[in-house]
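These notes are about the structure you will find just below.
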Amino acid sequence: MTLCLMVYAALEHRIRQGLAEHRQTFPDQQGNPAECPTARWVFQFFTGIHVLLVGQITEVVLNLNTHHQTLLAILGEHYVDLYANSG
């Protein structure tokens, strides 16, 4: 349990630090710009994203908007690569 909380806190810190460094905001539950979103809200914000399998090889990531893409870019290239096939 302690390890889970440490990972959660580290991700939340990384999100907030990245937003501050890039002078970006992330929408809160009311749609207002927030400089310090919680990790829980970010996870919830990403729940509408789906992967569509076309054939047996091609994967297309659906429902990524500009807020998702901005946050992924702030988090780093590894995260962008995970969602690279967005359509």
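In case it helps, the numbering used here puts the sequence shown at residues 1 to 87. Cβ coordinates follow ideal geometry from the N, Cα and C atoms, glycine included.
Rounded to whole angstroms, residue 58 and residue 71 show a C-alpha spacing of 24 Å.
Cβ contact annotation for residue 28 (same chain, cutoff 8 Å, sequence separation greater than five): 34, 37, 41, in chain order. Taking a C-beta distance under 7 Å as the contact criterion, residue 54 and residue 61 do not qualify as a contact pair. Look at residue 35 here: in three-state DSSP terms it is coil, with no helix or strand label.
In this chain, residue 50 is not harboured by any alpha helix (DSSP H); it is covered by the beta strand (DSSP E) spanning 50-54. Residue 39 sits close to residue 12, with the two beta carbons spaced by under 7 Å.
Rounded to the nearest whole angstrom, the C-alpha separation of residue 26 and residue 56 is 35 Å.
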